[in-house]
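Q: My questions will all concern the structure given below.
Protein chains in written order, with the working numbering: chain A, 5 to 99; chain B, 178 to 703.
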């Protein structure tokens, strides 16, 4: 399996990780090796096999539809890199 | 007076209860050990006051004649993947540098409720991704173990020769008049719970929490000559544990012996409404039911775990383990787990896929690092923040995960991997029709040197070949030390059990422990 630098850049962009040209050149063979090794899974006959959804059979629970938490705005904001007037702030997104 | 740091969890609990020593003395002794072990880099944050406060509470409870809590007076180390209220929690990543959780993880809260105190937060592979503790953003953890190049009399001619050939070695004088020559080369403590394995094996803590996604409790336990158990998926709440791969992540204890692991796991486990996959079951009294008598039990030996290039010493230890379990009364049966070889590639699709989704939350907005280049927009801020905050291995896994989940590849990779996972679980189910537990080696080698496998991610991944299958099937599994290799480094044996049968796993492990008589400890050089 070979992965080219264009593919690496595309995945990195999907993953929102900035990479340099050098990074892409280094990562291409690395990812190619790993993905090539993973491809052996294709040998396994999985006809009629259901994909795993839960390792231990466990009924999903429902809880009462009531508010049971909240009122902790300042606590939630205290680790924010930049917070103003009780809001998380981000760079302007609309021109 | 005995050095209190030589005691395990049960001995500390009993000693405090019986008034042989004060919990405060225990906490002070371990705090001092931790403070003097910076060379090992096991602790990211030290919290001596937390340990002392819990100790004082235990001493006060005893003075007042109250019934002591199950872990009263026991100080432990906390892997830095568990959120601890008011104490910095980073998952060993720059992207969470400075993050101080305003909440407590369920597992750590359970331990504090049981009376335990915290010595500090333990280093790990970044976001628990790694098998050698070399991916931490805050430096490698160094194993307290060193390769032994010579053991014998100092007057032996060969000692002089070995000392000359190994200038980077230290001579240690043993109590019996012999000397040992140890190579100074730093060894990996295993990963991802490398801070935990180093802390326990170096005697800095009687026990520590670990988390295991593909072997992160068991492999480091094997590398450092301690015990560690990953319970059935769903036994320990994942709430407040920084997520890596949610369908695999399980917390568990790492300690000096099987009994200590049982005691600690009882405190950590339990139903938690805040984790949708938490199992609504009572926590058994595992310690009380410990028994090394395996009469009537069947132990399965899976033939597919005999891999090419496995050192003869590991094969020999495996055979020894079979003999020990037979001696304990068990019947040995050969079983087949035909899809074993596909477990690791399936894992390296599923775990990175889940990681790429889980780690999307680190965006520089609500917590952690923000990198905002001059004039950058929102998307650029995300990309710059994640480039600056994540280490190389974390990026590699996010990229693999993003790739296998991307349009056009999802079915070929992710769906196929989840189908193979079903087949792997089915293999175990069939094997457990013939036996009660499985016996395998924990890892395909003893501890390797730091730096040795770093250049080749695939070689590093192969370290988890024996631990990953049980993770994919959500089964309880434990590593227990079996012996030392020719270099004087620990080797572990793994017991895998049926779903929810932690007791069977602990009991078979106890049978091995009693027969292995493993008492080796690393010589302090730090």
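Quick reminder that beta carbons are idealized off the backbone N, C-alpha and C, glycines included. If you're wondering where the values come from, they're calculated on a predicted model, not measured in any experiment.
I'd like the ranges of any alpha helix (DSSP H) spanning at least 4 consecutive residues and lying wholly in the region 469-520 of chain B.
A: Counting only unbroken stretches of 4 or more residues, the alpha helix (DSSP H) elements lying wholly within the region 469-520 of chain B are 489-504, in sequence order.
Q: With a CB to CB cut of under 7 Å and the five nearest residues on each side skipped, what residues in its chain are close to residue 456/B?
A: As a first step, residue 456/B must be located in the second chain, where it is residue number 279. Same-chain partners within the cutoff: 411, 412 and 448.
Q: Keeping to the same chain, check which residues put their C-beta closer than 7 Å to that of residue 90/A; ignore five residues upstream and five downstream.
A: For the purposes of this step, residue 90/A is taken as the residue at position 86 of the first chain. The residues are 77 and 81.
Q: Can a CB atom of chain B be found closer than 8 Å to the CB of residue 46/A?
A: Taking the first residue of the first chain as position 1, residue 46/A is located at position 42. Yes, contact with chain B.
Q: Would you kindly check if the distance between the Cβ of residue 368/B and the Cβ of residue 645/B is under 8 Å?
A: Position 468 of the second chain, counted from the first residue, corresponds to residue 645/B. Position 191 of the second chain, counted from the first residue, corresponds to residue 368/B. No, the Cβ-Cβ distance between residue 645/B and residue 368/B is not below 8 Å.
Q: Interface residues of chain A around residue 411/B at Cβ under 7 Å?
A: Against the second chain, residue 411/B aligns to sequence position 234. By Cβ distance, chain A contributes 60 and 62.
Q: Output the distance between the C-alpha atoms of residue 479/B and residue 650/B, rounded to the nearest integer angstrom.
A: Within the second chain, numbered from 1, the residue matching residue 479/B stands at position 302. Within the second chain, numbered from 1, the residue matching residue 650/B stands at position 473. When rounded, the distance between both Cα atoms is 15 Å.
Q: Any beta carbon from chain A within less than 8 Å of residue 418/B's own beta carbon?
A: Residue numbering aside, residue 418/B sits at position 241 when the second chain is read from its first letter. Chain A, which has no Cβ nearer than 8 Å to the Cβ of residue 418/B, makes this no.
Q: Determine which residues share a DSSP beta bridge with residue 671/B and list them.
A: Here residue 671/B refers to the residue found at position 494 of the second chain. Its beta-bridge partners are 617/B and 656/B.
Q: Between residue 463/B and the rest of its own chain, which residues show a CB-CB distance below 7 Å, the 5 nearest in sequence each way excluded?
A: In the second chain, the residue the question calls residue 463/B occupies position 286. Excluding sequence neighbours, residue 463/B sits near 439, 442, 443, 679, 680 and 683.
Q: Which value, in whole angstroms, describes the spacing of the CA atoms of residue 706/B and residue 534/B?
A: Outside the shown range of chain B, which is 178 to 703, sits residue 706/B, and nothing can be said about it.
Q: Is residue 56/A closer than 8 Å to residue 599/B when the C-beta atoms are compared?
A: Numbered from 1 along the second chain, position 422 holds the residue referred to as residue 599/B. Numbered from 1 along the first chain, position 52 holds the residue referred to as residue 56/A. Residue 56/A is positioned such that its CB atom lies closer than 8 Å to that of residue 599/B.
Q: If residue 192/B sits next to residue 248/B, beta carbons under 8 Å apart, how far is it from one beta carbon to the other, in whole angstroms?
A: For the purposes of this step, residue 192/B is taken as residue 15 along the second chain, with counting starting at 1. For the purposes of this step, residue 248/B is taken as residue 71 along the second chain, with counting starting at 1. No, residue 192/B and residue 248/B are not in contact; Cβ-Cβ is about 13 Å, not under 8 Å.
Q: Can you give the Cα-Cα distance for residue 406/B and residue 550/B, rounded to whole angstroms?
A: Residue 406/B sits at position 229 when you count from the first residue of the second chain. Residue 550/B sits at position 373 when you count from the first residue of the second chain. Straight through space, the alpha carbons of residue 550/B and residue 406/B are spaced by roughly 45 Å.
Q: Mind checking if residue 681/B is an interface residue toward chain A, Cβ cutoff 8 Å exclusive?
A: For the purposes of this step, residue 681/B is taken as the residue at position 504 of the second chain. Chain A, which has no Cβ nearer than 8 Å to the Cβ of residue 681/B, makes this no.
Q: Along the beta strand (DSSP E) that carries residue 236/B, what are the first and last residues, could you check?
A: Taking the second chain and counting its residues from 1, one reaches residue 236/B at position 59. Per DSSP, residue 236/B belongs to no beta strand (DSSP E); it is in the alpha helix (DSSP H), 225-240.
Q: Using 8 Å as the threshold, is the C-beta distance between residue 207/B and residue 228/B below it?
A: Taking the first residue of the second chain as position 1, residue 207/B is located at position 30. Taking the first residue of the second chain as position 1, residue 228/B is located at position 51. Contact flag set, yes.
Q: Name the chain A residues that come within less than 7 Å of residue 598/B, Cβ to Cβ?
A: Translated into positions along the second chain, residue 598/B becomes position 421. What residue 598/B touches in chain A: 56.
Q: Please list, in chain order, the chain B residues whose beta carbon lies closer than 7 Å to that of residue 104/A.
A: The requested residue 104/A does not occur in the structure, where chain A is confined to residues 5 to 99.
Q: So with Cβ pairs under 8 Å, would you call residue 50/A a contact of chain B?
A: The sequence position of residue 50/A within the first chain is 46, counting from 1. Taking Cβ atoms only, chain B reaches closer than 8 Å to residue 50/A, which makes this a yes.
Q: In terms of DSSP beta bridges, what is residue 347/B paired with?
A: The residue given as residue 347/B occupies position 170 in the second chain. Residue 347/B pairs with 359/B.
Q: Under three-state DSSP, which class holds residue 88/A?
A: Against the first chain, residue 88/A aligns to sequence position 84. DSSP places residue 88/A in strand when its eight states are reduced to three.
Q: From the DSSP secondary-structure annotation, give me the bridge partner or partners of residue 388/B.
A: Mapped onto the second chain, residue 388/B falls at position 211. BP columns for residue 388/B point to 428/B.
Q: Tell me whether residue 260/B sits in a helix, a strand or coil according to DSSP, three-state version.
A: The count along the second chain starts at 1 and reaches residue 260/B at position 83. Looking at residue 260/B - three-state DSSP - the assignment turns out to be coil, as it is neither helix nor strand.
Q: Would you kindly check if the distance between the Cβ of residue 267/B and the Cβ of residue 281/B is under 8 Å?
A: Within the second chain, the letter at position 104 stands for residue 281/B. Within the second chain, the letter at position 90 stands for residue 267/B. Cβ atoms of residue 281/B and residue 267/B: not closer than 8 Å.
Q: Inspect the beta-carbon positions of residue 576/B and residue 16/A and report whether they are closer than 8 Å.
A: Here residue 576/B is taken as the residue at index 399 of the second chain, counted from 1. Here residue 16/A is taken as the residue at index 12 of the first chain, counted from 1. Against a cut-off of 8 Å, the Cβ pair of residue 16/A and residue 576/B comes out as a contact.
Q: Would you decide whether residue 6/A is buried or exposed? Buried here means 16 or more other CB atoms lie within 10 Å of its CB.
A: Here residue 6/A refers to the residue found at position 2 of the first chain. With fewer than 16 Cβ atoms within 10 Å of its Cβ, residue 6/A is classed as exposed.
Q: Could you tell me whether the Cβ of residue 579/B comes closer than 8 Å to any Cβ of chain A?
A: By one-based count along the second chain, residue 579/B stands at place 402. Taking Cβ atoms only, chain A reaches closer than 8 Å to residue 579/B, which makes this a yes.
Q: Could you give the C-beta distance for residue 429/B and residue 403/B, rounded to a whole number, given that I count them as a contact under 8 Å?
A: Here the question's residue 429/B lines up with position 252 in the second chain. Here the question's residue 403/B lines up with position 226 in the second chain. So it is not a contact: roughly 12 Å between Cβ atoms.
Q: Tell me, please, whether the CB atom of residue 553/B is closer than 8 Å to any CB atom in chain A?
A: Position 376 of the second chain, counted from the first residue, corresponds to residue 553/B. With respect to chain A, the C-beta atom of residue 553/B has a partner C-beta closer than 8 Å.
Q: Judging by CA-CA distance, which residue of 579/B, 221/B and 676/B is the nearest neighbour of residue 303/B?
A: Indexing the second chain from 1 puts residue 303/B at position 126. Among 579/B, 221/B and 676/B, the Cα nearest to that of residue 303/B belongs to 221/B.
Q: Since residue 285/B is in the alpha helix (DSSP H), which residue starts that stretch and which ends it?
A: Within the second chain, the letter at position 108 stands for residue 285/B. Counting along the chain, the unbroken alpha helix (DSSP H) around residue 285/B starts and ends at 283-290.
Q: Measure the C-alpha to C-alpha separation of residue 274/B and residue 313/B and round it to an integer number of angstroms.
A: On the second chain, residue 274/B is found 97 positions in, with the first residue counted as 1. On the second chain, residue 313/B is found 136 positions in, with the first residue counted as 1. Pairing residue 274/B with residue 313/B, the inter-Cα distance amounts to about 12 Å.
Q: What is the DSSP secondary structure of residue 394/B, reduced to helix, strand or coil?
A: Taking the second chain and counting its residues from 1, the one referred to as residue 394/B is at position 217. Note: residue 394/B maps to coil in three-state DSSP.
Q: State the DSSP-derived secondary structure class of residue 298/B, mapped to helix, strand or coil.
A: Numbered from 1 along the second chain, position 121 holds the residue referred to as residue 298/B. If DSSP states are grouped into helix, strand and coil, residue 298/B belongs with the strands.
Q: What in chain A is Cβ-close to residue 634/B, meaning under 9 Å?
A: Indexing the second chain from 1 puts residue 634/B at position 457. Per Cβ cutoff of 9 Å: 34, 37 and 38.
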